[in-house]
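Read through the structure below, which is laid out as structure tokens, and then see the notes.
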Amino acid sequence: MVGVMGGIGTEAGQRAAQQPDWPEPQELRAVTGRLAKAPPLVRAEACDRLRGRLAAVARGEALLLQGGDCAETFAGVTPQAVHGKLELLRGMAGVLGRGAALPVVRVGRMAGQFAKPRSSAVEHRDGSALPSYRGDAVNSLEFTAAGRRPDPQRMERMYEASATTLDLLRTYAHGAPEGQAGADIPGAVDGPPEFFVSHEALLLDYEHALTRTDDTTGARYGTSGHLLWVGERTRAPEGAHLDFLAGIRNPVAVKLGPTTETDEVLRYIERLDPDREAGRLTFVVRAGADRIRDVLPALVEKALAEGAAVGWVTDPMHGNTFTAPSGHKTRGFDVILDEIRGFVEVHRALGTHPGGIHLELTGEDVTECVGGADPVHTDDLPQRYTTACDPRLNRRQALDLASRVAELYRG
Ligand code: PEP
Ligand code: MN
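So in the UniProt record's numbering the end of the sequence shown lands on 411, straight run, no missing numbers.
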């Protein structure tokens, strides 16, 4: 394990996209050394159970609902905030499950979603330039030189914040986060009373430090979360992030943007799912409402031609971001819904299963996305715009969206 760890910040780090410029190699090694000895955050057995649930998604027998903040923050790990997201996902799962008459697998973007890839390494503001915020796991949102300096000790705070979040989820979930038996979810059709956690596997120093060998099977698991994904900016098929996913037994996902090529789909399948095992690999497509109908068919057909039983999920958020006149990054409810509609249409036309949705949301009454049945207008955005990164659906918008998506599945 020490051998694997030692390379990440150095040799492997050279070719890994989106890694922070950690200022102190010695401090980084001390942190990853401690993390490598820390208890796993999730159990291998629970990762296997989620892989089984995602196999049902891939076979068309279940839906995946995955959601949470764009960027979790340390300050956001409060009982109220965690409870709010859990309850919201529970409510949405009930609505979706009834609409589709399928069980809904609930997965939070929670307990680990603390690191962000950035399109620019530098942020310019009021004539000064500082390193971009890369999530609480790396630096501070505060726009000062000290705040934006990457601090490896923040990865230990990420571990602690994730552990606290998992404890809160265990407290509140009717089913424990690792799927122990619990009360039924009202409204879900045969819905398993379970809740799993997921995040983007971005910081390879952190992810490798939390990778463990399972005693019973001898397989390697990423123990920082049940489902780990690689994002649009780090999905190079021969890159270090794909290497990481290829080396763990967890269910894994890859985000696919509008420029994804069919050859890339082939490489992801070859590298991540060589045994064509349903539930192992999920593709999360975020093409944009204007591109989804053009881009998705060829990708799905490629996976079919390869004989891969992958899960197909839509992320209707990341391809539909725009800047409002006030300067706030936002997304429109109708456009989000239109991407989901396009996703469902393409799958219906191909006879494949539109396996679920991946959303950025919060249980709080924020004003970050526009539209919805009780609409947020662009003028309202400054009122309660509290996200650390991308705009989230608020509770009302998320529930409205779940009802509209339920109609799509019903129809
Ligand atoms: C995200 O999920 O917050 C994100 C950065 O997405 P993507 O990698 O699809 O751009
Ligand atoms: Mn985001």
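Cβ coordinates follow ideal geometry from the N, Cα and C atoms, glycine included.
Beta-carbon proximity of residue i to residue j, cut-off 7 Å
i, j, result
"Asp273", "Leu281", "yes"
"Gly225", "His199", "yes"
"Glu279", "Arg51", "Rather than Glu, the amino acid found at residue 279 in this sequence is Gly. It is a contact, given that the beta carbons lie within the stated cut-off."
"Leu228", "Pro117", "no"
"His358", "Asp400", "no"
"Ala93", "Leu64", "no"
"Leu96", "Ala402", "yes"
"Thr165", "Val82", "yes"
"Thr223", "Leu242", "no"
"Thr234", "Gln18", "yes"
"Val122", "Ala129", "yes"
"His347", "Gly60", "no"
"Phe195", "Ala173", "yes"
"Glu306", "Ile269", "yes"
"Cys47", "Tyr159", "no"
"Arg341", "Thr362", "no"
"Tyr409", "Ala100", "yes"
"Leu28", "Pro251", "no"
"Arg157", "Phe74", "yes"
"Leu168", "Pro40", "no"
"Val197", "Val230", "no"
Same chain only: Cβ atoms within 8 Å of residue i, ignoring 5 sequence neighbours per side
i, result
"Glu345", "Arg293"
"Arg15", "Gly239 and Ala240"
"Thr217", "Ala44 and Arg249"
"Leu337", "Pro316, Leu401, Arg404 and Val405"
"Ser132", "Arg118, Ser120, Ala121, Val122, Glu123 and Arg148"
"Gly84", "Thr362, Gly363, Glu364 and Arg395"
"Gly91", "Leu399 and Ala402"
"Glu142", "Arg148"
Candidates the options, of which the one nearest residue i by Cα
i, options, result
"Ala58", "Leu393, Glu277, Leu227 and Arg90", "Glu277"
"Trp22", "Val300, Val104 and Asp151", "Asp151"
"Gly33", "Glu142, Asp48 and Tyr206", "Tyr206"
"Arg170", "Arg157, Glu87 and Tyr268", "Glu87"
"Gln153", "Ile336, Lys302 and Ala30", "Ala30"
"Asp263", "Leu299, Thr234, Asp374 and Asp290", "Leu299"
"Phe114", "Pro237, His124 and Met155", "Met155"
"Leu204", "Tyr385, Ala36, Gln397 and Gly76", "Ala36"
"Val366", "Ala398, Glu270 and Arg341", "Ala398"
"Gly356", "Phe283, Arg395 and Thr386", "Phe283"
"Asp374", "Arg396, Gln383, Pro391 and Arg384", "Arg396"
"Tyr385", "Phe343, Asp167, Ser119 and Ser326", "Ser326"
"Ala38", "Ala163, Gly351 and Pro297", "Ala163"
"Val295", "Pro131, Glu24, Val335 and Thr260", "Thr260"
"Glu364", "Gly76, Glu24, Ala56 and Arg49", "Gly76"
"Glu339", "Gly91, Asp69 and Asp290", "Asp290"
"Ala309", "Arg49, Pro25 and Ala56", "Ala56"
"Glu360", "Glu24, Asp69, Val42 and Arg49", "Asp69"
"Leu350", "Val376, Trp312 and Val42", "Trp312"
Neighbourhood of residue i by C-beta distance below 6 Å, restricted to the same chain and skipping five residues each side
i, result
"Ala71", "Lys116, Gly135, Ala388 and Cys389"
"residue 412", "Outside the shown range of the chain (1 to 411) lies residue 412, about which nothing can therefore be said."
"Ala219", "Arg249"
"Phe343", "Ile292, Thr314 and Pro354"
"Pro297", "Val346"
Proximity test, Cβ basis, 7 Å: residue i and chain B
i, result
"Leu88", "Protein chain content of the structure displayed is limited to a single chain, and chain B is not contained in it."
Residue i Cβ short of 6 Å to ligand 4 heavy atom set
i, result
"Glu232", "Judged by which ligands are present, ligand 4 is missing from the structure shown, whose ligands are ligand 1 and ligand 2."
Beta-carbon contacts of residue i that lie in its chain and below 7 Å, excluding the five residues immediately before and after
i, result
"Phe322", "Thr330"
"Leu89", "Leu65, Gly67, Arg106 and Gly108"
"Pro20", "Arg134, Val138 and Pro150"
"Ala324", "Thr330, Thr378 and Leu381"
"Gly127", "none"
"Arg271", "Pro237, Leu242 and Ala246"
"Val265", "Leu299, Lys302 and Ala303"
"Gly147", "Asn139 and Ser140"
"Gly191", "No answer about Gly191 holds up, because its pLDDT of 42 lies below 50 and its placement is not dependable."
"Gln383", "Thr367"
"Val335", "Ala289 and Asn320"
"Arg267", "Pro237"
"Val376", "Thr367, Cys369 and Val370"
"Glu24", "Pro152"
Inter-stretch contact at 8 Å, needing at least 3 Cβ pairs: the region 321-332 / the region 359-371: These segments touch.
For review: beta carbons within less than 5 Å of any heavy atom in ligand 2: Counting only beta-carbon distances shorter than 5 Å to the non-hydrogen atoms of ligand 2, the qualifying residues in chain order are Cys70 and Asp390.
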